[in-house]
Amino acid sequence: MTASLGLYGLGVMGSALALNILEKGFPLHVANRTAAKVPPFLEVAGPLAAKATGHDGLAAMAAAMTPPRAIILMVDAGPAVDAAIEALLPHLEAGDTIVDCGNADFHDTRRRSAEIEARGLTYLGVGVSGGEEGARHGPAIMAGGRPEAWAHLAPVFEAIAATYEGQPCAALMGPDGAGHFVKTVHNGIEYADMQLIAEVYGLLRHGQDKSPAEIGALFGRWDGGRLKSYLVEITAAVLSAVDPATGLPVVDVILDQAGQKGTGRWTVVEALALGQSASTIEAAVGARGWSAEKTTREVGERILGTERKPVELSEAELEGALLAGRIVAYAQGFRILQAASESYGWALDQARVAETWRAGCIIRSALLGDIAAAFRGEMPEGQLILAPAFAADLRASLPSLRRVVAAAALGGHPVPALSAALAFADTFAQGRGTTDLVQGQRDYFGRHGFVRLDTGAVHQHGPWADAPVDKVADPDPRLS
Ligand code: NAP
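Quick note: the sequence shown, position 241, residue 245 per our numbering, numbers continuous.
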């Protein structure tokens, strides 16, 4: 690495990433909008501060750095990134690189890449996953940008990244917004996995009257099997924790309203924009939205009077349901990646994406190695759920998912993500669905036309010639 390296933004993630970079032996310039946070950072860095140079602001940092410069931005996504870029540009020159390591919307990254590269600079949009702990000791890193820019900074990113069997979990995913898009979809899958886990917890807690400690122990056991993952591991820890102030299980003193910062929603919006439906992820994003309506739920409990009934489900059935739901959540995430890759010409390597997620990131799990292998092997229609290993998993686990969703529905327990996963798997298990009727309805009211099964003829209409017409027929009924 010949560039001098700077990092702007010493918040939770920026500080942790800076310490990680310093620990790996790279000299680092640091600055923060609130300059008063720089000296405390250097103090916390202790001996690592020997390789750090603090500055009063972004301009001062850029001026002090020797070209070619590489400046990492670790600030809030959105206007803060544009403001930092604007402040930086007068102090940079051709050959310098700006690296946005925040959770940017990939559309912004595409725009910034084009604007910045038109000025002779280079731009990398880099998704960093693993929270504060990951940033400090080894995150998963998903980069987007030009290969030469990545090659230049890869030694730093590969040194600070998590490793899996000696391989760094850091890779160039594709051009411009590809890295931030992969990070966005990662977060979407994370939402889905967390919601699936929470729904299984709900069935055990409210449908089987088990204590958080008992359920935590069960998740701990599941973490030794096919469900092995960071999220199952921390679920066991969270459920086993006791609140020191009250002696109650910690989960019982937490308000049931989940926050969100946008990446889950972006995944769903982009999925729909690409003609996909990431229904399990969407269910999870929606569930967080509903959770915010605490008062409405409390009033609803009184007015609707739905009684939550016990559910008779074995641990094996719940484990199988969670496995099936998780496979579908991953599969839907990879479908969005494929659709985006085709739409934006990214040529994403899905196997490499899966490998990058095997360590350091929040959705790391035992399934990811198998997913990478599946993408390198036989995969009918390019669909993860149809790859031999995952099709076998689903054939074994879908009966459990079906029983769990059915029992939950009859018992009055909402399981939106598990239900969505089941509907997805059932839809793709049927060659003939019900949109023949939808096409008939569309032709009836809008003369949209349909394709005849017997002759293959397009632009066909039904025998409802006198039906009202509110729309001129679309040129190709399959596209409308
Ligand atoms: P944070 O602790 O709140 O720190 C935010 C940083 O952004 C601070 O350095 C802040 O400077 C700076 N900032 C905010 N607005 C600014 C502006 N208008 N101009 C210049 N600097 C500004 O946030 P964080 O958790 O480190 O998150 C940073 C980025 O990492 C975000 O994009 C986030 O989505 C992403 N991320 C976070 C996590 C996580 O687990 N926390 C994981 C992956 C990615 P001041 O000190 O002056 O306020």
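We put the CB at the ideal spot given by N, CA and C, even for glycine.
query	result
Separation of S283 from T299, as counted between CA atoms	26 Å
Start-to-end residues for the alpha helix (DSSP H) that takes in R306	K298 to L308
Straight-line Cα distance separating G329 from E486	Coverage of the chain is limited to positions 5 through 484, which leaves residue 486 absent and any answer about it impossible.
T360: CB within 7 Å of a non-hydrogen atom of the ligand NAP	no
Identity of the residue in H95, Y127 and H156 nearest G149 by Cα	Y127
One or two residues paired with D109 in a DSSP bridge	DSSP output for D109 lists no bridge partner at all.
N36 Cβ short of 7 Å to the ligand NAP heavy atom set	yes
Cβ-heavy atom distance, L14 to the ligand NAP, below 7 Å	yes
Endpoints, beta strand (DSSP E) assigned at H33	L32 to A35
C-alpha distance - A71 paired with G349, whole-angstrom precision	For the sequence presented, residue 71 should be read as Pro rather than Ala. Cα-Cα distance, rounded: 32 Å.
Contact under 8 Å by Cβ, E162 with P172	yes
Any beta strand (DSSP E) of 3 or more consecutive residues that is wholly inside the stretch 146-210	174-178
Per DSSP, the bridge partner or partners of R356	In DSSP, R356 forms no bridge with anything.
Length of the line joining the Cα atoms of L327 and A40	48 Å
Beta-carbon proximity of A503 to M198, cut-off 8 Å	Nothing about residue 503 can be read from this structure; the chain reaches only from 5 to 484.
Sub-8 Å separation of F45 and S8 beta-carbons	no
Test item: CB-CB of I340 and I389 under 8 Å	no
Exposed unless 16 or more other CB atoms sit within 10 angstroms - verdict on G304	exposed
Bridge-paired residues (DSSP) for G10	H33 and I75
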